[in-house]
Every structure is written in C-alpha cells, then in structure tokens.
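Adding 14 to a residue's 1-based position in the first sequence gives its number in my numbering. Glycine included, every Cβ here is placed at the ideal spot set by N, Cα and C. Have a look at the structure below before the remarks.
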Amino acid sequence: MTQIRVRFAPSPTGMFHIGSARTALFNWLYARHCNGVFILRIEDTDRDRNTDEALKLILHCLTWLGLNWDEGPEAGGAYGPYFQSQRGQIYAEHVEQLKAAGRAYEKDGAVWFRVSGQPQEIHDQIRGKVVRLEPKDFVIVRSNGSPGFHFVNVVDDLTMSVTHVIRGEDHLSNTSKHIELFKALDAPIPRYAHIPLILKHHGPGKMSKRDEGFLVADYERRLFLPEALRNYICLLGWSPKDEQEVMDIDEIIERFDFPGINKDGARFDERKLSFINAEYLRKLPVKLLSEAARPVLEQKLDLSHVETAYFHSVLDLCQEKLRSIDDIYAYLGYFFEEDFSYGEQAGRKLRSTGDPCARIRELWSSLAELPDFSDETAVEGTVKRLAAENDRYTGEYIHSARYALSGMNAGPSFYGLLRVLGRDRTCVRFDRFLKLSERKEAG
RNA sequence: GUCCCGUUCGUCUAGCCAGGCCCAGGACACAGGGUUUUCAUCCCUGCAACAGGGGUUCAAAUCCCCUACGGGACGCCA
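Rendered as structure tokens:
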C-alpha cells in the first residue's frame, strides 16, 4: 500500500488566519490518521508580495497549534527544496515537456497552456463527482519569467508524490485546470478533497482580514490555549457524528476522515471557542496552569516572594471557575497583594443590606478559637454556629468576609478561600478593611 | 454575466447515501429555576430548525424536478 502524502501550501504574503489554520489542520489530521506524511511547502512565486516575516509567522503559528510537519522548511525531506522560489529548474523542465507535447505555447512574452476543450471529471472525496469544462487557455509562465500558481502547484504535487490534495472549496473551480495539467504531463491525478470555507460570523461572505478573530496570532496574544483553538476548529466543518465535542487530539486523529466533513460553509463563533477554552483550562494540570498563569500575573504583580506551594494552592482552588488565562489577574490577583482595591458596587450593595464591619468583628472573635483554617469543615461549623447564635444568615458573615478579604463579591468557595489565605493573612486583611471603613465613616 | 458548490434551531451540528424508530437529537448562546447562602463552576427546565413549490410512495428532513436564497471561481494573485 502506498503511503499517504498530503501537503499544506501557504504563500508567505500576509497574515496567518483561521481559514489557513483549518486547511493545515485537516491535512495534518488526515496525515496522522493514515500514518502518512504531512508536507509543508512554501508557495513563494509572487516575488513582490512575499516577506520573511510572513514566513516566520506561518511556521510559528503551525508550531503553536501543534501541527508538526514531516517535510518542509527546517524539517528537510527527500522531495525538496520546499520553497517554490528554489524549484525553478524543475518548473523549466516541465514547461519543456508541455511544449514538446504541443500543450504549451508562447504569446505576449508569456507561456500559455492549451486546454483540451473536454469537460474534466473531479472525483472529490467530499462532494462526489463534479464535472467542469475549463473554458480557456491560461498562463503558466509570466512574461517576467516566473511560473504561475496553477502550474507550480501541479508540478510540485506531482514531483512531491502528493496523494491527496485537501484544500478550500475556493479551489474547486480551479481543479479542472489542475486535472488538465496532470493529464498533459502524463501524470497520475491525486485524490481531491475540497473542504467548506469559514464564513464570517455576521453578514455575508467568507471570513476576511477585516473580521474580528481572523488572525491565529490574536488568539495566542489573548492567551487562548492552542489545544482549545485546535479542538474548536476541528468542529468547524467536521463532525465525529456523535455527541462528542471536547476531545483529546489523539481521539480526533483516530476518528477524523472525509465522510465526517460537511459540504457547506461554517460560521466562526467565538463564544463556543471560549466555552471550549474554559473546558480545557479546567482540565489542565495545576502545574501547567501555574506555568501559564505566572507570566500573566507578573505583568501586574511582583511574585518573587510568593511561595510555590501557596501559588499552586491558589490556582488549584480557583481553577474550576476560571474562564480564561487572560483575565486571571482580575479573578485572583488579590491573593498576591495586600493593597488590592475594593469594588465600589459590591461594597455599596453589602452596606445597604447590613453592617459588614460588625459581622467581621464577630466572625474574627469566633475564628480565633481555631488554631488554623486548614480544616474547612471545622471552619464551616464555627461560622454556622456563630450565625445560629446571633440569629443571622450565614451569608451575612460570608459575604462581608469575602469582600473584606478579596474586594469582590465573586470567587472560589469561602471556606477554601480561608484555608488558602490562612489565619495570618485573614487577620491582616480584616484589620485593613476595618481601618479603611472607620476612616471612610470619619471622613 | 458564465460555470461550479451548497441550503436542518440565532450559531456549530446529528439524522439524508441504504424512506417509517424524527410532530427532528446534541452542543454553544439566550431565558427561567436550583445548589454551593458569593460567583464566572455545577445541576434542572425552557426557547428554537427540515428554504419554498411540485412530484414518487401506504409513508419523505431523507429519493426526483423546479424556484428562491447563500457561497465560490472566472488574473501574467495564491
């Protein structure tokens, strides 16, 4: 059985976007599913528009998404070079072959391909049989000497022994050109699979430069987990056909195949991506979460004196409720700074329904009985007993204390908060809150 | 304009090839309720779709035709 060989062939002319990522991903998935080879080929025939920066971005984004390539830039391989700008000799030979066969001719300084006039059958793995007549001759070598896209694409697929061409549906109409070229070169035709396009979330047309969320690099900057973005993109145009959505990549690889790919375009929905990102965040081992969180927090805080054990216990406590790494400071920054600010709105609401300072004084005198706060059950018992003795809701104590300790009315479980903060920090924060409140009343 | 592809809840989709199990299932989002007397977790409930019209059939989301709508391609761009 011949080995499956697929390729992703971007041109380094601009930004690396979600659509490119999805094409790369589907090629990569198919290669991994079949134990085949995933080739990265750089289509840099347009001399004026190529930039080195764009190339670096492509390599970086693919790596970030975990889409490793078996052959291509930095990886090497037996079918190189993998830059079209370095394959001039190969193209020249194939132009000669076409000319010798009477299928290419010169006109206006360019080389043109002579179409057959016969409708071509495209046996698409996703769409079935598509028939299209290529109506007119087209340029394969420009008058400036550089070979054109359709020609180099075919010659490379041929000389790199590509078995399956998986690409966007925008190329479906071009495929009749490509099949004509393969036939004229007396070469076998690869199997085609045209995947649906990603449409913009609002309004008509496919996703484009002007759309929010278009660039892969933006998701990296906004600290989305690459595994989450990858999982979400898998679900855009492909379905495992059951109710699984959040899946390990190995499971996706095992289940990915052409019959699971849809025919119509899909709209990108960042809300669902955020949901999946949060799912991944919750499943992340605490050690990895800590590594991801640290640099983000360090932009706002000095963590040099924070003990590792404390740092981990904070993240462990808060992990189940985190929605993104990006807003991690807002959610749990107060654990690491004593001069955190108190939210105005939450404070107003609290004072309107009771006397937080009085509750905190009562709570502290009860908690003073405990040697420490490590036993959440014991702390909970103490708080509930206190509430019962004073004929109050437990919530009055909890809400007041949470606000005094964090400045917020949202956060992890209260008893977990006390356990992680510990007796000493709790004492310090209660004191600070009481002093600030007295000053506020006096002034 | 010509050619090609498509059309199930607001969004992603299951079901369609092999018609009955579908007055259409799941997920996100949204709304309501509950738990943890916090909340951004979690649980429950609700809302909401077969583009339209003709056939074929005892029976159509599923097969056929037409229309409408959406997308794409028609470059010496890739």
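query                                                                                                             : result
C-alpha gap between LEU336 and GLU390, whole angstroms                                                            : 22 Å
Distance, PRO370 Cα to GLY361 Cα                                                                                  : 9 Å
Helix, strand or coil at GLY86 [DSSP, three-state]                                                                : strand
Spatial neighbours of ARG446 in its chain, beta-carbon cut-off 6 Å, leaving aside the 5 residues before and after : none
GLY123 beta carbon less than 7 Å from that of SER99                                                               : no
Of the residues LEU79, GLY159, ILE32, ARG55, the one placed nearest ALA89, counting alpha carbons only            : ARG55
Integer Cβ distance of LYS277 from ARG141, believed to fall under 8 Å                                             : 6 Å
N- and C-terminal bounds of the beta strand (DSSP E) containing PRO133                                            : 133 to 138
Boundaries of the beta strand (DSSP E) in which LEU480 is found, first to last residue                            : Coverage of the chain is limited to positions 15 through 457, which leaves residue 480 absent and any answer about it impossible.
Cβ-Cβ distance between ARG244 and LEU435 below 7 Å                                                                : no
Own chain residues within Cβ distance below 6 Å of LEU71, not counting five before or after                       : PHE30
Contact between the stretch 339 to 346 and the stretch 309 to 321 (3+ Cβ pairs under 8 Å)                         : yes
Beta-carbon spacing of LEU211, GLU183 below 7 Å                                                                   : yes
Given 8 Å, three or more beta-carbon pairs between the stretch 32 to 49 and the stretch 246 to 255                : yes
The stretch 189 to 204 in contact with the stretch 214 to 229 per 3-pair CB rule at 8 Å                           : no
Burial state of GLU334, where buried means 16 or more other Cβ atoms lie within 10 Å                              : exposed
Outcome for ALA382 when other beta-carbon atoms lying within 10 angstroms are tallied against a minimum of 16     : exposed
Terminal residues of the alpha helix (DSSP H) in which LEU336 lies                                                : Careful: LEU336 lies outside any alpha helix (DSSP H) and carries neither H nor E.
Span of the beta strand (DSSP E) around VAL20                                                                     : 19 to 22
CB of TYR356 within 7 Å of CB of GLU394, strictly                                                                 : no
Contained alpha helix (DSSP H) runs [length at least 4] in the stretch 153 to 189, N- to C-terminal order         : 163 to 173
Of the residues ILE104, PRO426, PHE127, LYS121, the one placed nearest ALA115, counting alpha carbons only        : PHE127
At least three beta-carbon pairs within less than 8 Å, the stretch 56 to 64 to the stretch 15 to 25               : yes
Other residues of its chain near ARG416: CB distance less than 8 Å, five sequence neighbours each side excluded   : MET422, ASN423, GLY425, PHE428, LEU431
Residues bridged to LYS220 (per DSSP)                                                                             : LEU213
Bridge partners - GLU120, DSSP secondary structure assignment                                                     : VAL125
Inter-residue CB distance, GLU148 and VAL129 (contact presumed, cutoff 8 Å)                                       : 5 Å
Cβ pair ASP405, LEU237 closer than 7 Å                                                                            : no
Spatial neighbours of PRO95 in its chain, beta-carbon cut-off 7 Å, leaving aside the 5 residues before and after  : ARG101
Straight-line Cα distance separating LEU419 from PRO240                                                           : 34 Å
Assigned secondary structure, HIS319 (DSSP; H/G/I helix, E/B strand, else coil)                                   : coil
One or two residues paired with TYR206 in a DSSP bridge                                                           : ASP138, VAL179
Assumed close pair VAL320, PHE289 - CB separation to whole angstroms, cut-off 8 Å                                 : Contact doesn't hold; Cβ gap of about 31 Å is too wide.
ARG399 burial status per 10 Å Cβ neighbour count (16 or more: buried)                                             : exposed
Neighbourhood of LEU475 by C-beta, 6 Å cutoff - its chain only, sequence neighbours within 5 removed              : Limits of the chain in this structure are 15 at one end and 457 at the other, which puts residue 475 out of reach.
DSSP three-state assignment for THR344, whether helix, strand or coil                                             : In the sequence as presented, Thr is not what sits at residue 344; that position holds Ala. Here ALA344 sits in helix by DSSP.
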